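Per my numbering, residue 194 is the first one in the sequence shown, and the count goes up by one each step.
Notes follow the structure.
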Amino acid sequence: MKIALYPGTFDPITKGHLDIIERASHLFDKVIVTVAVNSSKTPMFTTEERMELIRSAVKEIKLKNVSVDAFSGLLVNFARKKKASALIRGLRAVSDFEYEFQMALMNRKQAPTITTVFLMPHEKYTYLNSSIIREVSRLGGDVKDLVPTAVQKLLDQKLKTR
Ligand code: ADP
């Protein structure tokens, strides 16, 4: 069984992330979307909220071989524990490359048998990241085509009760 981890902050999940999850789900027997808990960023959504938003997004597009988990600490240790042989990362533009390349090589140094696999989303999502979604919706902009339905709902709720 080929298992892949897709780690990230997912604050919140966007359709760009979801595009990568769907592509990975066709390549691997099982994909575990893994929410980073100890990220240096202060998230807008709690770990539980981020996990629940991913679960409902995955359910909405009916992907059966995708599960959601959370991790803190060294990613490759978590990958070993989950028996994953691959780490999935998304590449949007050249600007992602340098950081992703460094992380991939460091992870390979730590765990030579775990391979980082880069996937590119549909080009309509290449300009997307979670922070621009948070920013634009905070300012009252429309992001509904860019995020799963559950994200849109929770964003609306959070911004209303500010
Ligand atoms: P991190 O803080 O680990 O970068 P993110 O949630 O921002 O977490 O991203 C997780 C992964 O998803 C990264 O590999 C990132 O490049 C990728 N990603 C983010 N947004 C998109 C998108 N719009 N299209 C494709 N990949 C994306």
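For each residue, glycine too, the CB sits at the ideal point set by N, CA and C.
Being a predicted model, the structure only gives us computed values, none of them experimental.
- For L211, the enclosing alpha helix (DSSP H) has its first and last residue at 208-220.
- Among the bridge pairs identified by DSSP, F311 is matched with R282.
- Rounded to the nearest whole angstrom, the C-alpha separation of I225 and G334 is 31 angstroms.
- S278 places its beta carbon less than 9 angstroms from that of T308.
- For H315, the closest of S260, Q345, T240, L339 by C-alpha to C-alpha distance is L339.
- V228 and K351 have their C-alpha atoms spaced approximately 20 angstroms apart.
- Per DSSP, reduced to three states, the secondary structure at I225 is strand.
- Following the DSSP letters along the chain, one finds F264 inside the beta strand (DSSP E) bounded by residues 259-264.
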